[in-house]
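S.K.: Chains as they are written, first to last, in the numbering used here: chain A, 1 to 249; chain B, 250 to 471; chain C, 472 to 894; chain D, 895 to 1167.
Here it is, written out as structure tokens:
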């Protein structure tokens, strides 16, 4: 597929779709609508083909065929049951028997809840306590800077938790502490916002780098043609709408 | 009838919930095998869910075209996009490249799927600017903290930022990198830890509600 | 291939090769003297799949600058060198086990060995061939003051265990929270419970009211989570409550979906809300619409809906990733009141800057109880407060405890930290 | 005056979008080369290694990246290749990533002519191989046994530069440019085992993880992220995509910072009016 034609065609399609999506930043327009609807189909198809070729075929279909051939009934049943549970989900479309789909749901829900409960408490509760109290174990051998940091983290975490108390009226001391907690939330939000800016700009740089590459001679100036096309459309549309406005007023 | 409609599903939730919870405390290979099997089950079930999605997508856009809702022309592109990728996937049997050569699927990834998803992702760079311009306003001390920390992190991330910082605040003997690392590792960790603890307990409580059938909203009332 | 796994496998690989190459050297008989290592024994490594053992023997001051080579065998005739270590490298603290299973302070040389690695056995057939456990012989060659000493041969067995005793601390925590949960939930019916004001949820009435006045729709985005996701369950519950208010105000609602299962569950929930609000006739099938199951295709389509329908209010409740700002910024551009709620802490900064109100983390879980005022759910909120209270007492209490005991008796500090370590 | 300032605050965000676009596109078309505070030592080591290589020695350039990591890694590969050709060093290019085909093709098409370098005499390109471990260990004994043909399917032996190249002993060093764990493979399976100097070029995110290798001198040099690429281009005074990348990111960040500060100043003035 590396023939010259496919590379040129690829350049036009890639820069076209890129510019159609970017055109939305100016305003909603038919080109964005095309890209948007195209993407709905492309996105779903991509995930379905990925599931079929990377999950169903290697992990389900082939072992099932193998098990069927040498009569390993246990594996066969262990593949049929989830398939049946999966089919129950499709009954959602028929209102009268849509309750059958509960069998598919409840299996998923039970499994996910059972998985989340212990792991969540371990990593996000016990581990966080350990992180907060550990520096105090050898507090006096720490450098002054580290001592202050350990105290700040302890006070900060506790005051943020005060902000989240539900069944306590937020007044008096509770109000003061939770306001202090808000400061730590703000620092967290500001810091993580500022930190992601670099990554997002590199992404944008990558896209423009592609557009500039496809504007060269060997790609038949793909990007240029598409930009000209978009400009013509927007200018024409402006003229037409102005005429209509003048005619109506 | 009520038993099949309500009580058996609730027992399924309970049984799978408790067994999966217990497998966390069982090192024996049997619990690894149980988790492997259940993972496989979940793969199959969610594959059907995607199949369900395909039906819903085709059905909703078919209805749009049939009823000539305004903008129905665009719904055709949903089908076009879907069958281009599905066709390419079938022709290339799901591989992006064979012996170093790009397949149809590889071509569609490079020139259709990747441009669409990478460009939509990169639009975030524009929105970061407009939301920062609108909301990094010093209206209160809390907003001031948000503003300052955001700024320091941005300045600290670029080489030019280090030069500007040294010229302006060189006398403080502190480099922007040290301040940036301190902000991330101390106050912002306290803020994040407070949120995570709340989430951990909230998630644990919700999991208990699901396993013991108190939370039944997802099953739809009778 | 993540780097940690790669490095670990390389080290073990080189160990394995190293072990084989030494086998031949051992057979040349040198003048090896016999030695009796006190309490030399091999025991099964507790709470594991059954592939490791612990070898230990008492420390002996006289062997301070000795070098030890540990040999294993399945039939006590041909031996494989498993490990090599100096005197000071072997201590009881080598074993990563909590204090209630292993005393790290004992004055012994101790070492954990994975038998499948030493005998380079494939894990699957290792377990099939030895369901009852894998018995192994061990001896130690001590090399010091240029003499070789061979220890007595001991026998041990590596067994699969049925309970992770080292995760006992986590089990106790789960049990405490479950007991408190049942205690509080069972008394739920009795008295009316107080909940503090949550700004984001108070604003729902204002938002729906504004939508009705301006005759513009309300867009409710349930996020890109799956039905088994905890934040998605909370989001669908809030959708039910918001649906009731919208039915009462007779405003129009639009709910674009990412996941087909969530789509079908939401259809039923919204129909139910319209029924409970006494407006079954104004329920329309196309309130809930399935978009697609791809993160950024979903974001592009919802952006399209928001720009074209120009909603008066947007709700973003549930699981979101990078698409959070893509949606919220377009909503802000259209001038809608925006209320967001998610438990994905990395996306909270973007919702916070772009939306008018943001439910942070567990406030999303509390929203259902807050809006429905159902006694059972409100009492569950109490459990969340109990959890926070538990953390605060642990954090402050044990920090002070550690401060005091780091001066007096450090072993208590180690024990306490073990309680919170995650294994 | 008050409403003029208010209008500025309510500035249509599309002006901001245009300015951001310009701040990224202009450096792409014409790299500016904004000075960065200091050139990191790991990039300098990589430069010095190639600079001090005797003329005519041969290096292996392992290019294992695809379009998704190309913005950071492609400029590094180009800069190293230009430097090697400038010092008349022979280069063997190989890859273990299927998606890198098009990118290597672009390098080989544009750079050799600038230094009048001839295929087969000054550089060779080997075909894509799926299993890196086999290739790395095989090349220790005899490179021709594993790569008998080059990318154009011609026997490797006939090329003049490959006549006296049998295995790692005849190679002065290996430079692995990748976003994957392939650089770890080179260090562990080749560098440590056969004592071949290994240098690397990685993305900014994974750069932090290589600290230990650098400290223990298992990695003789490392170019890190867009910043590293720009530094290397600066060292060989050949500004290209690395320089324009860092320029774009520099300017875009400054743009955001100036906007925010500006809008806050306007807000403060409004408060006092």
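Note that the Cβ used here is the ideal one computed from N, Cα and C, for glycine as well. Being a predicted model, the structure only gives us computed values, none of them experimental.
1. Whole angstroms are fine: how far does the CA of residue 754/C sit from the CA of residue 742/C?
2. Please decide whether residue 833/C counts as near chain A, where near means a Cβ-Cβ distance under 8 angstroms.
3. Count the other CB atoms within 10 Å of the CB of residue 420/B; is the residue buried (16 or more) or exposed (fewer)?
4. Closer than 9 angstroms, Cβ to Cβ, to anything on chain A: give me those residues from the region 814 to 844 of chain C, in chain order.
5. What is the rounded straight-line gap between the Cα of residue 17/A and the Cα of residue 940/D?
6. Determine the contact status of residue 262/B and residue 110/A, defining contact as a CB-CB distance below 8 angstroms.
7. Using alpha carbons as the reference points, say which of 504/C, 685/C and 813/C lies closest to residue 614/C.
8. List, in chain order, every chain A residue whose beta-carbon is nearer than 8 angstroms to that of residue 874/C.
9. Quick check: residue 166/A and residue 766/C, are their CB atoms within less than 8 angstroms of each other?
10. I'd like the ranges of any alpha helix (DSSP H) spanning at least 4 consecutive residues and lying wholly in the region 988 to 1072 of chain D.
11. Specify, as a first and last residue, the run of the alpha helix (DSSP H) that residue 120/A falls within.
12. Hey, is the region 1111 to 1119 of chain D in contact with the region 1082 to 1094 of chain D, meaning 3+ C-beta pairs nearer than 8 angstroms?
13. To which residues of the same chain is residue 1033/D closer than 7 angstroms at the C-beta, ignoring the five residues directly before and after it?
14. Taking C-alpha atoms, which residue in 516/C, 510/C, 543/C and 534/C lies nearest to residue 528/C?
15. Ignore the nearest five residues each way along the sequence and tell me which others in residue 871/C's own chain have a CB closer than 6 angstroms to its CB.
16. If you measure from the beta carbon of residue 406/B to each beta carbon in chain A, is any gap under 8 angstroms?
17. Any contact between the region 633 to 651 of chain C and the region 267 to 277 of chain B? By contact I mean 3 or more CB pairs, one from each, below 8 angstroms.
18. Please confirm if residue 685/C has its CB atom under 8 angstroms from at least one CB of chain A.
19. If you check the beta carbons only, do residue 566/C and residue 583/C fall under 8 angstroms apart?
20. Taking Cβ positions only, does residue 305/B come closer than 8 angstroms to chain D?
21. What residues match up with residue 788/C in a beta bridge as DSSP calls it?
22. I'd like to check one pair, residue 1073/D with residue 909/D: are the Cβ atoms closer than 8 angstroms?
23. Hey, how far is the Cα of residue 488/C from the Cα of residue 590/C?
24. For a contact meaning CB atoms closer than 8 angstroms, what does residue 286/B contact in chain A?
25. For residue 916/D and residue 1122/D, what's the separation of their Cα atoms in angstroms?
26. Considering just the uninterrupted stretch of the alpha helix (DSSP H) at residue 1141/D, what are its terminal residues?
27. Below 9 angstroms between beta carbons is the criterion; list the residues of the region 3 to 28 of chain A that meet it against any residue of chain D, in chain order.
28. Would the region 438 to 448 of chain B and the region 669 to 681 of chain C be scored as touching if the rule is three or more Cβ pairs under 8 angstroms?
29. Take the Cβ of residue 250/B as the centre, count every other Cβ of all protein chains shown within 10 Å, and call the residue buried at 16 or more, exposed below.
30. Consider the Cβ of residue 168/A: report whether some Cβ of chain C lies at a distance smaller than 8 angstroms.
31. Hey, would you say the C-beta of residue 65/A is under 7 angstroms away from at least one heavy atom of the ligand MN?
32. Where residue 118/A and residue 634/C are concerned, what is the direct C-alpha to C-alpha distance, given to the nearest angstrom?
33. Output, in chain order, the set of chain D residues within a Cβ distance shorter than 7 angstroms of residue 409/B.
34. With DSSP as the reference, label residue 619/C as helix, strand or coil.
35. Please tell me whether residue 802/C has its Cβ less than 8 angstroms away from any Cβ of chain B.
36. Please state if the CB of residue 984/D and the CB of residue 952/D are separated by a distance shorter than 8 angstroms.
M.R.: Walking through what the data contain:
1. The count along the third chain starts at 1 and reaches residue 742/C at position 271. The count along the third chain starts at 1 and reaches residue 754/C at position 283. One C-alpha to the other measures close to 6 angstroms.
2. Within the third chain, the letter at position 362 stands for residue 833/C. Under the Cβ criterion of 8 angstroms, residue 833/C is counted among the residues facing chain A.
3. Here the question's residue 420/B lines up with position 171 in the second chain. Counting Cβ neighbours within 10 Å, residue 420/B comes out exposed, since fewer than 16 surround it.
4. 816, 817, 819, 820, 821, 823, 824, 831, 832, 833, 834, 837, 840 and 841
5. On the first chain, position 17 is the one that residue 17/A refers to. On the fourth chain, position 46 is the one that residue 940/D refers to. Using only the alpha carbons, I get a separation of about 39 angstroms.
6. Taking the first residue of the second chain as 1, we reach residue 262/B at position 13. Taking the first residue of the first chain as 1, we reach residue 110/A at position 110. For the pair residue 262/B and residue 110/A, the CB atoms are nearer than the 8 angstroms cut-off.
7. In the third chain, the residue the question calls residue 614/C occupies position 143. Closest in C-alpha terms to residue 614/C, from the list 504/C, 685/C and 813/C, comes 504/C.
8. One-based indexing of the third chain puts residue 874/C at position 403. Those within 8 angstroms of residue 874/C in chain A are 136 and 139.
9. The sequence position of residue 166/A within the first chain is 166, counting from 1. The sequence position of residue 766/C within the third chain is 295, counting from 1. Taking 8 angstroms as the Cβ cut-off, residue 166/A and residue 766/C do not qualify as a contacting pair.
10. Within the region 988 to 1072 of chain D, the complete alpha helix (DSSP H) runs of at least 4 residues fall at 995 to 1008, 1026 to 1035 and 1037 to 1040.
11. Here residue 120/A is taken as the residue at index 120 of the first chain, counted from 1. Segment 101 to 121, the alpha helix (DSSP H) holding residue 120/A.
12. yes
13. Counting from one through the fourth chain, the residue named residue 1033/D turns up at place 139. Excluding sequence neighbours, residue 1033/D sits near 1040, 1061 and 1062.
14. Counting from one through the third chain, the residue named residue 528/C turns up at place 57. Taking only the C-alpha atoms, the option nearest residue 528/C is 510/C.
15. Reading the third chain from its first residue, position 400 is the one you call residue 871/C. Counting only Cβ-Cβ distances below 6 angstroms, and skipping sequence neighbours, we find nothing.
16. Locating residue 406/B in the second chain gives position 157, where the first residue counts as 1. At least one chain A Cβ lies under 8 angstroms of residue 406/B.
17. yes
18. Position 214 of the third chain holds residue 685/C. It does not: the Cβ of residue 685/C has no partner Cβ on chain A nearer than 8 angstroms.
19. If you number the third chain from 1, residue 566/C lands on position 95. If you number the third chain from 1, residue 583/C lands on position 112. Cβ atoms of residue 566/C and residue 583/C: closer than 8 angstroms.
20. In the second chain, counting from the first residue as 1, residue 305/B sits at position 56. Taking Cβ atoms only, chain D never reaches closer than 8 angstroms to residue 305/B, which makes this a no.
21. Counting from one through the third chain, the residue named residue 788/C turns up at place 317. DSSP lists 812/C as partners of residue 788/C.
22. Numbered from its first residue, the fourth chain carries residue 909/D at position 15. Numbered from its first residue, the fourth chain carries residue 1073/D at position 179. For residue 909/D and residue 1073/D, no; Cβs fall outside 8 angstroms.
23. The residue given as residue 488/C occupies position 17 in the third chain. The residue given as residue 590/C occupies position 119 in the third chain. A caution first: residue 488/C carries a pLDDT of 46, below 50, which makes its placement in the model unreliable, though a value can still be read off. For residue 488/C and residue 590/C, the distance between alpha carbons rounds to 11 angstroms.
24. Sequence index remark: in the second chain, residue 286/B carries index 37 (1-based). The contact set of residue 286/B on chain A, defined by CB atoms closer than 8 angstroms, consists of 78 in chain order.
25. Stepping through the fourth chain from its first residue, residue 916/D is reached at position 22. Stepping through the fourth chain from its first residue, residue 1122/D is reached at position 228. Looking at the two C-alpha atoms, the distance is approximately 24 angstroms.
26. Within the fourth chain, numbered from 1, the residue matching residue 1141/D stands at position 247. Unbroken alpha helix (DSSP H) run through residue 1141/D: 1135 to 1166.
27. 7, 22, 25, 26 and 27
28. Contact fails: fewer than three Cβ-Cβ distances are below 8 angstroms.
29. Looking up residue 250/B in the second chain gives position 1. The residue in question, residue 250/B, is exposed, as its Cβ has fewer than 16 Cβ neighbours within 10 Å.
30. Here the question's residue 168/A lines up with position 168 in the first chain. Output row for residue 168/A: interface = yes.
31. This structure lacks the ligand MN; in fact it carries no ligand of any kind.
32. Counting from one through the first chain, the residue named residue 118/A turns up at place 118. Counting from one through the third chain, the residue named residue 634/C turns up at place 163. Approximately 15 angstroms, taken between the alpha carbons.
33. On the second chain, position 160 is the one that residue 409/B refers to. Ordered by position in chain D, the residues that pass the 7 angstroms Cβ test against residue 409/B are 928, 1144 and 1148.
34. Taking the first residue of the third chain as 1, we reach residue 619/C at position 148. Here residue 619/C sits in strand by DSSP.
35. Within the third chain, numbered from 1, the residue matching residue 802/C stands at position 331. Chain B, which has no Cβ nearer than 8 angstroms to the Cβ of residue 802/C, makes this no.
36. Along the fourth chain, one-based indexing puts residue 952/D at 58. Along the fourth chain, one-based indexing puts residue 984/D at 90. Yes, these two residues count as a Cβ contact at 8 angstroms.
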